[in-house]
Amino acid sequence: MLKTLFYSSLVIIILTCTHCKQLPVHERKLLNKAESLLYKNVDSAIILLNSIPHPSQLPQKDFYRFFLLKAEAKHKKDRDISSDTLVFLIEDFFAHKKDFHNAAKAAYLAGTIYTLHEKLEKATQKFLEADNYSKLDTDYNLKGLINGALGNVYYGQLLKDEAIVRYKKAVRYFHEANNHKNLSIALNMIGNCFLLKNMPDSAIAFYHKGLTIADKYNLTSEKISIQQCLGVTYRETERWDKAKNIFSSTLSQTGDSTEKARTYYNLANVFAGTKQYDSALVCLNTAINLLNSKENIFLLANIYKSLSLVNEQKGDFNSALNNHKLYSEYLAAILEKNKNSAILEIREKYNIQTLLAKNRLLIIQRQRNIIIISGLLLTLGIFLFVYYLQDMNRKKELLEIEKRIYQLKEMAQTAQKEKNSFRSVLLEQFGILKKAALLEIYLRNDNGQSGRHFIKTFNKVVYGQEELDWNKFYRTMDSAYNGLFTQMKQELRELNETEFRICCLAYAGLSNTETAVILGYSPNTIQAKKSLIRKKLKVGKFANFKSFLDEKIKENRQNKN
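Residue numbers (our numbering): 18 to 578.
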């Protein structure tokens with residue numbers, strides 16, 4: 018039973034530890050699915066991420082993955098991630114764990130945050146760290162994003178050649194990943210770099226490469242964006258007809274009101290460049306009608322600015338002033354929106370930090386519970402082990418005791434056998450002495466000298482002297498009766514030595530004649546002394562002398578006790 022209890026406790030410990038370490042399999046599957054969809058369908062990825070209940074209760078590694086994916090999704094949806102500074106801690110965490118894929122992601126997002134804070138030197142450093150992590154990774158999409166981000170930083174600093182190098186690397190990685198959307202965007206950015214280098218023909222060549230990819234894979238949004246850049250290039254190089262054609266083509270390709278408004282705005286600038294102010298006004302007013310004044314304040318600000326300039330060119334200064342006021346209002350709205358966005362992002366950051374704090378608290382509580390349970394189970398295990406050892410020791414001791422008892426029994430049996438054997442020898446010797454006494458009686462009845470001589474010779478052989486040795490006879494008799502006569506001597510102090518000897522011989526069953534021979538008296542003297550002994554000891558006239566002595570010894574023992 019003890020073994021059953023011990024192994025049951027061991028099974029409980031193993032099951033408990035296994036349960037404590039069980040991973041959230043369903044949530045992890047959702048994270049993996051969201052990551053695979055992030056580059057293909059960001060909206061679906063966001064839906065999956067939002068479907069994870071209580072992300073703060075995930076293990077630390079999974080929570081950090083969740084946070085990274087959420088930040089990536091926000092960035093792809095052009096939402097501000099400038100307050101998601103947890104990515105700096107996440108980068109260190111995954112770098113320490115040698116998870117270079119997620120470390121590269123975190124470093125990429127950290128660089129993006131520095132970019133949003135206009136800390137371009139630190140942003141460059143983070144993107145280079147991400148690039149270094151990604152060298153050990155096979156995620157070509159991530160490699161392309163990192164190099165594209167480095168290209169954007171260099172582009173923002175007007176380091177056009179460095180930007181082109183990075184964009185070309187991004188093109189190669191996106192091509193390997195079959196990410197045609199980002200490939201067309203990277204080609205578009207290379208065109209922009211060449212435009213800044215005042216190399217419009219090279220810019221136009223890369224724009225056309227991007228358009229080819231966008232056309233081939235039906236990337237409408239990217240195609241329109243490249244066409245806008247291409248039209249602006251034609252406009253800036255005063256290729257007015259090509260600019261009009263490209264913008265007109267764009268109008269026929271998009272059904273999105275915002276893109277139509279942007280195209281009308283660009284087309285209006287072409288008309289303004291060719292001094293066709295009325296056409297420019299028509300395009301600008303059409304653009305205004307297509308836009309929602311609350312959602313498109315950035316584009317509306319530019320449109321009203323252009324309206325003000327066109328009105329000024331036409332000499333309509335009142336309209337120019339009114340439109341400039343509207344431009345100023347939208348500009349103020351832009352500043353206010355940025356302020357509100359910053360507040361919202363700070364609040365979201367606070368919520369994330371609170372979520373993280375709760376997650377850490379839950380982890381600590383979970384670890385504490387594991388430690389407590391493990392401690393209890395360990396204590397139980399130690400207790401059972403100690404109990405098991407004690408039980409084994411007890412069994413061992415019992416075995417030893419049983420063995421000793423058995424040995425003692427054997428020794429007792431051997432001793433008893435030896436004692437019985439010794440007693441038999443003593444009794445036999447006592448019998449010989451009795452017979453020797455009888456023999457002496459018979460020989461004394463013979464008055465011949467030969468009889469006396471034989472008695473002396475016999476006594477000398479048996480006792481070592483010519484006369485009977487009472488002391489040797491007494492010792493033999495006392496040993497034969499287990500020391501009874503020594504004890505009797507202690508009990509019968511009222512008797513003298515001769516009377517005591519008579520009692521001993523009478524107890525041993527010797528007759529008056531035998532007693533007389535041994536003690537050297539006549540039988541009548543022995544009988545007389547026995548009568549005197551009866552009086553001293555108050556023994557009845559017809560009472561059995563041996564029984565009386567046994568009873569007296571017994572009574573004396575009881576009185577002493």
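By construction, the Cβ of each residue, glycine as well, lies at the ideal position given by its N, Cα and C atoms.
| said: Among 155, 218, 538 and 227, whose alpha-carbon lies nearest the alpha-carbon of residue 188? | reply: Stepping through the sequence shown from its first residue, residue 188 is reached at position 171. The shortest C-alpha separation from residue 188 is found at 227.
| field | Buried or exposed (CB count within 10 angstroms, at least 16 for buried), residue 287 | value | Residue mapping note: residue 287 aligns to position 270 of the sequence shown, counting from 1. When all chains shown are included, residue 287 counts as buried.
| query | Unbroken alpha helix (DSSP H) runs of length 4 or more, entirely within the region 68 to 139: which are they? | reply | 77 to 93, 103 to 113 and 117 to 133
| Straight-line CA distance for residue 317 to residue 273? | Here residue 317 refers to the residue found at position 300 of the sequence shown. Here residue 273 refers to the residue found at position 256 of the sequence shown. Going by the C-alpha atoms only, they are around 16 angstroms apart.
| query | Excluding the five sequence neighbours on either side, which residues of its own chain have a C-beta within less than 7 angstroms of the C-beta of residue 110, listed in chain order? | reply | On the sequence shown, position 93 is the one that residue 110 refers to. Cβ within range, chain order: 81.
| task | Report yes if the C-beta distance between residue 597 and residue 75 is below 7 angstroms; otherwise report no. | result | Since the displayed the chain opens at 18 and closes at 578, residue 597 lies outside it and no answer follows.
| Among 182, 193, 195 and 196, nearest to residue 206 - alpha-carbon criterion | Within the sequence shown, the letter at position 189 stands for residue 206. The shortest C-alpha separation from residue 206 is found at 182.
| query | Looking only at its own chain, which residues have a Cβ that is under 8 angstroms from the Cβ of residue 289, when we skip the five neighbours before and after it? | reply | Working through the sequence shown from its first residue, we reach residue 289 at position 272. Excluding positions up to five away in sequence, the list reads 297, 323, 326, 327 and 330.
| Tell me which same chain residues have a C-beta within less than 8 angstroms of the C-beta of residue 580, skipping the five on either side of it? | Outside the displayed span of the chain (18 to 578) sits residue 580, for which this structure offers no information.
| query | Just curious, the alpha helix (DSSP H) that residue 293 is in, first and last residue? | reply | Along the sequence shown, read from residue 1 onward, the residue named residue 293 stands at position 276. Segment: none, residue 293 is in no alpha helix (DSSP H) and carries neither H nor E.
| Status (buried if at least 16 other CB within 10 Å, exposed otherwise) for residue 170 | Against the sequence shown, residue 170 aligns to sequence position 153. Buried: at least 16 other Cβ atoms inside 10 Å.
| Count the other CB atoms within 10 Å of the CB of residue 89; is the residue buried (16 or more) or exposed (fewer)? | Taking the sequence shown and counting its residues from 1, one reaches residue 89 at position 72. Label assigned to residue 89: buried.
| Per DSSP, what kind of secondary structure is residue 269 in: helix, strand or coil? | Here residue 269 refers to the residue found at position 252 when the sequence shown is read from its first residue. Residue 269 falls in the helix class under three-state DSSP.
| field | Cα-Cα separation, residue 607 to residue 333 | value | Given that the chain is displayed from residue 18 to residue 578, the structure contains no residue 607 and the question cannot be resolved.
| query | Can you tell me whether DSSP reads residue 346 as helix, strand or coil? | reply | Numbered from its first residue, the sequence shown carries residue 346 at position 329. Looking at residue 346 - three-state DSSP - the assignment turns out to be helix.
| field | Start and end residues, alpha helix (DSSP H) containing residue 514 | value | Along the sequence shown, read from residue 1 onward, the residue named residue 514 stands at position 497. Here the alpha helix (DSSP H) through residue 514 covers 514 to 524.
| message | Here's a check: name, in chain order, each residue in its chain whose Cβ is nearer than 8 angstroms to the Cβ of residue 254, leaving out the five neighbours to either side. | response | Start at 1 with the first residue of the sequence shown, and residue 254 comes out as number 237. So the list reads 217, once near-sequence residues are dropped.
| field | 8 angstroms contact criterion, which residue 140 and residue 150 should meet: CB distance rounded | value | As a working note, residue 140 is residue 123 in the sequence shown. As a working note, residue 150 is residue 133 in the sequence shown. Between residue 150 and residue 140 the Cβ distance is about 16 angstroms, and since that is not below 8 angstroms, they are no contact.
| said: Quick test of your reading: residue 550 and residue 532, contact by CB under 8 angstroms. State the CB separation rounded to the nearest angstrom. | reply: The residue labelled residue 550 in the question sits at position 533 within the sequence shown. The residue labelled residue 532 in the question sits at position 515 within the sequence shown. At roughly 12 angstroms, the Cβ-Cβ gap does not stay under 8 angstroms, so residue 550 and residue 532 are not in contact.
| request: Using the Cα positions of residue 387 and residue 78, report the straight-line distance between them to the nearest angstrom. | output: By 1-based counting over the sequence shown, the position of residue 387 is 370. By 1-based counting over the sequence shown, the position of residue 78 is 61. Cα to Cα, residue 387 sits roughly 19 angstroms from residue 78.
| said: Going by DSSP, what residue range makes up the alpha helix (DSSP H) through residue 546? | reply: To locate residue 546, count along the sequence shown from 1; it is residue 529. 540 to 554 is the extent of the alpha helix (DSSP H) around residue 546.
| request: Pull up the distance between the alpha-carbon of residue 505 and that of residue 517, whole angstroms please. | output: As a first step, residue 505 must be located in the sequence shown, where it is residue number 488. As a first step, residue 517 must be located in the sequence shown, where it is residue number 500. For residue 505 and residue 517, the distance between alpha carbons rounds to 9 angstroms.
| query | Measuring CB to CB, does residue 304 end up less than 7 angstroms from residue 321? | reply | Here residue 304 is taken as the residue at index 287 of the sequence shown, counted from 1. Here residue 321 is taken as the residue at index 304 of the sequence shown, counted from 1. No, the Cβ-Cβ distance between residue 304 and residue 321 is not below 7 angstroms.
| query | Are residue 200 and residue 211 closer than 7 angstroms when you measure CB to CB? | reply | Counting from 1 along the sequence shown, the entry for residue 200 is found at position 183. Counting from 1 along the sequence shown, the entry for residue 211 is found at position 194. Cβ atoms of residue 200 and residue 211: not closer than 7 angstroms.
| query | Comparing alpha-carbon positions, which option in 46, 166, 397 and 530 lies nearest residue 69? | reply | In the sequence shown, the residue the question calls residue 69 occupies position 52. Checking every option, the nearest Cα to that of residue 69 belongs to 46.
| residue 174 - DSSP class collapsed to helix/strand/coil | Stepping through the sequence shown from its first residue, residue 174 is reached at position 157. Coil, per DSSP.
| Which residues mark the beginning and the end of the alpha helix (DSSP H) in which residue 229 is found? | Position 212 of the sequence shown, counting from 1, holds the residue named residue 229. It spans 217 to 233 - the alpha helix (DSSP H) in which residue 229 sits, taken as one unbroken run.
| query | Of the choices 98, 156 and 99, whose alpha-carbon is the least far from that of residue 119? | reply | The count along the sequence shown starts at 1 and reaches residue 119 at position 102. Measuring from the Cα of residue 119, the nearest candidate turns out to be 156.
| query | What's the gap between the Cα of residue 394 and the Cα of residue 49? | reply | Position 377 of the sequence shown, counted from the start, is the residue given in the question as residue 394. Position 32 of the sequence shown, counted from the start, is the residue given in the question as residue 49. Taking the straight line joining both Cα atoms gives about 36 angstroms.
| According to DSSP, is residue 280 helix, strand or coil? | To locate residue 280, count along the sequence shown from 1; it is residue 263. If DSSP states are grouped into helix, strand and coil, residue 280 belongs with the helices.
| said: Rounded to the nearest angstrom, what separates residue 259 and residue 198 at their Cα positions? | reply: Residue mapping note: residue 259 aligns to position 242 of the sequence shown, counting from 1. Residue mapping note: residue 198 aligns to position 181 of the sequence shown, counting from 1. Rounded to the nearest angstrom, the two C-alpha atoms are 25 angstroms apart.
| Using the beta-carbon count (16 or more within 10 Å), is residue 163 buried or exposed? | Translated into positions along the sequence shown, residue 163 becomes position 146. By the 10 Å Cβ count, residue 163 comes out buried.
| Tell me which same chain residues have a C-beta within less than 6 angstroms of the C-beta of residue 314, skipping the five on either side of it? | Position 297 of the sequence shown, counted from the start, is the residue given in the question as residue 314. Taken in chain order, the residues that qualify are 347, 350 and 351.
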